[in-house]
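Report on the following structure.
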Amino acid sequence: MVRKKPENVNGINAIHEMNCPDYAPKKVNLPVKESFFVQTGRGHHIVDTHMATVGKIGLLRLGINVEAVGINVFNPDYVSFSLPLSWSGDYFVNGELANRSSIYMPGSLNSFHFRSRSRDTIGVTMPRSAFVNTVAALRGVDGDDISLSVRELRLSESAGWRVRSRLSAIIKETCDERKQRSQKMISEDVVSLLADAYLVALPKSLIVSNRIYQPGRIVRLAEERFMAAEGAPISLADLCVAAGVGKTTLYKAFNQVCGLPPLDYFQKRRFMRARSLLINTSNHRGRVRQIALTSGFTELGRFSVQYRALFGESPSVTLSQDSD
């Protein structure tokens, strides 16, 4: 495991971490409201990250080696983009199969849900106003004419490769090579690159869907109900009321977006919360039991067995790892 503290050079806050047990976007103040993983398959949870904030631009390249659902929720004042690079098995973005040449924007409630066995992905965030103004200027229209209602920018294979290649190079230069480029140069490069991609997206990308069924929105509303419970038990009825749908529709949405029934998914989320607390706390007597109870587990023995089955190590081993 290689854990570092971010370096701030010329106002560019950047870090590259390899083989780490967790992912912490707050280290470089990435502009996200929520960002976390829910591991759904068995195995050691290891992530590799390149993260940087360049002025108000957020840059991320993230690799994870186990089957997991990734959740990101953004401030509505920001626009965000996700570019899948590689993955194993099927890769779902907001419940839809990913395309290797597409660029994705958040679904309902400014959120992304990603699911695959393993994956390597680029993420970019920037102020909505900066992106809208750039697109409007390139189109020769007013900013009010740009709605950003598109969820998938479907590019040609060559165009998609060019955008990914350039963003990969920018992230590497920023996080690893420390090339002497100013905030202004990097920001303008990133904004113009994605604005150009937005404008050249294939025509069918610009068709706005009016479907009533929005699985990402259903899942997100259920997640908000789960978080509001603060570790207390929740029922299917609670989730259905929060999402405004019936049981059948709730199951359909969760299976499509998360690959699991709702209660199974939230049980895995409780385990991820416990794991995060174990990693980021000091090792004291009774701490495993305390964290298990805080995360909603009442039987310590069962918690430990199921934890080991999911993550490949006992809670006490996770607790003993170094934390920043």
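Our numbering puts the first residue of the sequence shown at 4, with every later residue one more than the last.
For each residue, glycine too, the CB sits at the ideal point set by N, CA and C.
- The beta carbon of I67 sits closer than 7 angstroms to those of F40, V50, S121 and R122, all from its chain and outside the five residues before and after it, given in chain order.
- In this structure, R154 sits near G110, with a CB-CB distance shorter than 8 angstroms.
- Taking C-beta separations shorter than 7 angstroms and ignoring five residues to either side along the sequence, the partners of V57 in its chain run I15, T177, Q186, I189 and S190, following chain order.
- For D241, the enclosing alpha helix (DSSP H) begins and ends at L239 to A246.
- With three or more CB-CB distances shorter than 8 angstroms, the segment 25-42 counts as touching the segment 69-82.
- Taking each of F84, N13 and V144 in turn and checking the Cα distance to F117, the smallest one comes out for F84.
- Ranked by Cα distance from D179, the first of L63, L296, R273 and R290 is L63.
- In the three-state reduction of the DSSP assignment, G66 falls in the strand class.
- Counting only residues of its own chain and dropping the five nearest sequence neighbours on each side, V194 has a CB closer than 8 angstroms to the CB of I60, M129, A133, F134 and T137.
- The alpha-carbon of N13 is positioned some 26 angstroms away from that of V166.
- Relative to N22, the option among L65, L239 and K29 whose CA is nearest is L65.
- Taken in chain order, the unbroken stretches of beta strand (DSSP E) that lie wholly in the segment 11-95 and span 3 residues or more are 15-23, 35-42, 50-57, 60-67, 71-77 and 81-91.
- In the three-state DSSP reduction, G126 falls in the strand class (E or B).
- Nearest Cα to N102 within the set N78, A277 and R157: R157.
- When the Cα atoms are used, I18 and T284 turn out to be separated by approximately 22 angstroms.
- Take F257, set aside five residues on each side of it, and the residues of its chain with a beta-carbon closer than 7 angstroms to its own are V222, L263, P264, P265 and Y268, in chain order.
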